[in-house]
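**Q** Encoded as structure tokens, here's the structure I'll be asking about.
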Amino acid sequence: MKRLSEYLFLWTLGGILYYTFEMLFRGFSHWSMFALGGICLVFCAQQGIWTGWDAPFLQQVFWCVIFVGACEFITGIIVNKWLGWQVWDYTDQPFQFMGQICLPFLIIFSGLCAFGILLSGYLLHWLYGEKKPCFHVL
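Below, the structure written as structure tokens:
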């Protein structure tokens with residue numbers, strides 16, 4: 790039950806943070822971005838738990854950016870292409886793929902992933918008594 794509580798907490802927090810981020814910078818968001826933000830924050834924490842928070846921080850950021858990019862692409866195919874909700878469109882961005890992901894936003898997401906890793910690691914430690922993360926660059 791403790792692990793389920795952790796996941797639900799992180800999912801909700803990630804959803805709220807990402808939805809708010811989009812509202813501040815785009816002026817609008819969509820409920821699917823709440824769900825995606827939650828899933829991504831859970832992964833930021835889970836990859837740290839899997840490695841005991843011992844992997845180099847930059848490697849953790851890289852793993853999370855790959856995960857976030859894959860999730861954004863899959864979500865985009867579902868919500869934008871299959872369902873036609875047109876939540877976002879990156880076709881006018883450089884280095885984009887099918888209008889669903891692009892390099893400039895993956896770079897932005899790397900900063901969000903770094904924040905998510907730090908936030909989730911310390912919150913799990915402070916609120917749930919999980920192992921205290923010990924971050925190192927290399």
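Per my numbering, the sequence shown starts with residue 790, numbered consecutively. We put the beta carbon where it would ideally sit given N, CA and C, even for glycine.
(1) Going straight from the alpha carbon of K921 to that of D881, what length do you get?
(2) Mapping the DSSP letters down to three states, classify G923 as helix, strand or coil.
(3) Is it the case that the Cβ atoms of M812 and S818 are separated by a distance below 9 Å?
(4) Can you give me the Cβ contacts of G841 inside the same chain, cut-off strictly under 7 Å, excluding the 5 residues immediately before and after it?
(5) Taking Cβ to Cβ, would you say M896 is nearer than 9 Å to C833?
(6) Any idea what DSSP makes of F886, helix, strand or coil?
(7) Answer with buried or exposed for H926, where buried requires no fewer than 16 other C-beta atoms within 10 angstroms of its C-beta.
(8) Given a threshold of 16 other Cβ atoms within 10 Å of its Cβ, counted over all protein chains shown, does W877 qualify as buried or as exposed?
**A** Short version:
(1) Working through the sequence shown from its first residue, we reach residue 921 at position 132. Working through the sequence shown from its first residue, we reach residue 881 at position 92. About 42 Å.
(2) Along the sequence shown, read from residue 1 onward, the residue named residue 923 stands at position 134. Just to set this straight, residue 923 is Cys in the shown sequence, not Gly. Correct three-state label for C923: coil.
(3) As a first step, residue 812 must be located in the sequence shown, where it is residue number 23. As a first step, residue 818 must be located in the sequence shown, where it is residue number 29. Their beta carbons are under 9 Å apart, which means M812 touches S818 by this criterion.
(4) Position 52 of the sequence shown, counted from the first residue, corresponds to residue 841. These residues qualify, in order along the chain: K920.
(5) Here residue 896 refers to the residue found at position 107 when the sequence shown is read from its first residue. Here residue 833 refers to the residue found at position 44 when the sequence shown is read from its first residue. The amino acid at residue 896 is misidentified as Met; the sequence shows Ile. No, these two residues do not count as a Cβ contact at 9 Å.
(6) Stepping through the sequence shown from its first residue, residue 886 is reached at position 97. Three-state result, F886: strand.
(7) By 1-based counting over the sequence shown, the position of residue 926 is 137. According to the sequence displayed, residue 926 carries Val and not His. Here V926 is exposed: its Cβ has fewer than 16 other Cβ atoms, across all protein chains shown, within 10 Å.
(8) Residue 877 sits at position 88 when you count from the first residue of the sequence shown. It counts as buried.
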